[in-house]
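Using the working numbering, the letters of the sequence shown map in sequence onto residues 116 to 486. Scroll down for the structure; my scribbles are underneath it.
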Amino acid sequence: MRRFLFVLLACLAATLTAVAQNQPTAPAQTPTSALDEALPVRGLAIQAPSVEGLDLFLKFIEEELAPAHFNLLILRVDWNYDYKSHPELRDPNPLTETHVKRLVAACRKHGIRLAPQINLLGHQSWAKTTYSLLREYPEFDETPHVDTANYTGWPNPDGLYCKSYCPLHPDMPRVVNALIDEITTVFETDLFHAGMDEVFYIADDNCPRCAGKDPAELFAGEVNRIRNHLALTGKRLMIWGDRLLDGTLTGLGAWEASMNNTARAVDMIAKDVFVCDWHYERADLSAVYLAMKGLDVATCPWRRPELAIRQMNDMIAWRAQTTPATKSHLQGIIETVWSPAEPFLRNYYNPSTEDGVALTVRRLMEEYKKL
Ligand SMILES: [Zn+2]
């Protein structure tokens with residue numbers, strides 16, 4: 116009997132050791148409730164409010180997001196901050212430190228993590244407007260021969276969707292790093308979202324630094340450069356996922372996936388980059404692909420409530436049926452809002468004008484409260 120007990124204990128010890136050795140890497144957030152277990156990340160990605168819209172936005176955090184158990188707020192700040200490091204880049208009447216601290220306090224009170232966003236690499240222009248970075252530093256432009264003033268809608272002979280900066284310009288990191296440091300410091304956060312979606316101009320034939328280089332290596336190089344800069348201060352990079360997906364193989368096309376040879380970057384970027392996998396027309400499977408590449412990923416819907424619920428349920432089901440290792444990378448869901456914050460809140464608070472985006476947010480809130 117004693118021998119039997121000894122063998123039993125030895126087997127038990129071996130089993131426990133094996134379990135311990137097979138523990139997955141710690142997820143971004145340790146589950147503490149049934150909702151956290153189902154969906155560790157429940158985020159909203161939206162443009163930062165204007166100064167005039169700040170009070171209503173704080174009310175929305177307090178009375179809507181917090182009671183519905185949202186725990187991540189990605190705010191597209193871009194040039195809407197009173198940057199001290201580069202005042203030449205700020206918009207007129209931007210948010211000040213005092214304004215940001217009110218956002219920080221509201222989110223902290225409810226355990227909502229903040230991730231400020233500055234669109235990096237791509238999205239440096241929209242239609243005929245060139246944004247601050249390339250307006251003030253035109254030497255960073257990947258395609259200086261393309262004039263946004265000539266934009267005529269999509270498609271156009273220049274292939275202009277949005278401008279990109281050159282990831283190899285030697286002076287660019289000095290400017291961009293200062294902005295990243297300043298915005299993450301004022302938001303008191305260890306998360307930064309760099310956008311990096313829909314990068315159409317990369318490895319341009321006319322760029323003296325990038326011509327002939329591999330677009331996947333250039334894209335991954337800029338992701339890793341930003342990631343490494345953040346890591347110096349213990350901070351983490353988030354990006355949109357479209358450039359990591361093959362638009363031809365998947366049939367996902369040129370926007371929500373890449374048709375300009377960047378997709379192999381998925382195997383070149385650091386594994387601790389958090390990927391926001393956006394799909395608005397279908398509940399696609401790419402979050403599983405990204406998770407099985409070892410990347411933390413959240414599925415990102417937009418304005419179709421029924422699809423958002425399907426994406427949410429897919430995420431829950433995938434987490435329940437896969438290995439602990441892959442489950443740890445399937446992090447949850449981040450709803451996206453692409454209008455400025457003010458029109459979104461007008462629609463949200465006015466049922467007569469409520470649109471698909473506001474309806475989607477409300478549906479997700481209902482679901483989170485049920486889980
Ligand atoms: Zn270049």
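Where is the CB? At the ideal position from N, CA and C, for every residue including glycine. All values derive from a computational prediction rather than experimental measurement.
- Secondary structure note for G471: its alpha helix (DSSP H) is the uninterrupted segment 471 to 485.
- In terms of CA proximity to V219, L306 leads the group E332, R250, L306, A153.
- Bounds of the beta strand (DSSP E) holding P231 are 228 to 235.
- Set against 7 Å, the gap from the CB of L283 to the closest heavy atom of ligand 1 is smaller.
- With a minimum length of 3 residues, the unbroken runs of beta strand (DSSP E) contained wholly in the segment 315 to 384 fall at 351 to 355.
- C322 has its Cβ nearer than 7 Å to a heavy atom of ligand 1.
- With distances taken between CA atoms, W194 lies nearest to S240 out of H184, Y276, S240.
- Here the distance from the Cβ of C325 to the nearest heavy atom of ligand 1 is below 7 Å.
- Here the segment 332 to 339 makes contact with the segment 310 to 320; the two share three or more CB pairs at distances below 8 Å.
- The straight-line gap separating the alpha-carbon atoms of P253 and P259 is approximately 7 Å.
- In the three-state DSSP reduction, S247 falls in the helix class (H, G or I).
- Straight-line measurement puts the Cα of T267 at about 28 Å from the Cα of G356.
- The three-state reading of DSSP puts W453 in coil, since its state is none of H, G, I, E or B.
- Between L479 and A402, the gap from beta carbon to beta carbon reaches 8 Å or more.
- CA-to-CA, the gap between L486 and V290 works out to about 44 Å.
- For V412, the secondary structure class from DSSP, reduced to helix, strand or coil, is strand.
- Here the alpha carbons of S200 and C322 stand approximately 28 Å from one another.
- By the neighbour-count criterion, in which 16 or more other beta carbons inside 10 Å mark a residue as buried, G274 falls on the exposed side.
- Residue range 420 to 436 is occupied by the alpha helix (DSSP H) that includes A432.
- Judged by beta-carbon spacing, L445 lies beyond the 8 Å limit of V472, meaning their Cβ atoms are not closer than that value.
- DSSP, read as helix, strand or coil, puts Y266 in coil.
- For the 8 Å CB-CB criterion, L180 and L159 form a contact.
- Look at E257: its beta carbon is less than 7 Å from one of the heavy atoms in ligand 1.
- DSSP, read as helix, strand or coil, puts L400 in coil.
- Here the C-alpha atom of C277 lies approximately 23 Å from the C-alpha atom of Y198.
- Straight across, the Cα-Cα distance linking H225 with H184 is about 9 Å.
- In the same chain as K243, and ignoring 5 residues on each side of it, the C-beta atoms closer than 7 Å to its own belong to T263, A264, Y266, in chain order.
- About 5 Å separates the beta carbons of Y196 and P209, which is inside the 8 Å limit, making them a contact pair.
- For I298, the uninterrupted alpha helix (DSSP H) segment begins and ends at 287 to 301.
- For L190, the enclosing beta strand (DSSP E) stretches over residues 187 to 191.
- For C391, the secondary structure class from DSSP, reduced to helix, strand or coil, is strand.
- Contact annotation: C415 and T451 have beta-carbon atoms nearer than 8 Å.
- With respect to the C-alpha of G447, the residue from K386, V156, H238 having the closest C-alpha is V156.
- Taking C-beta separations shorter than 6 Å and ignoring five residues to either side along the sequence, the partners of F389 in its chain run M353, D411, following chain order.
- The beta carbon of D256 lies closer than 6 Å to those of L249 in the same chain, with the five residues before and after it left out.
- Contact check for H214 and V261: beta-carbon distance about 35 Å, past the 8 Å limit, so the pair fails to qualify.
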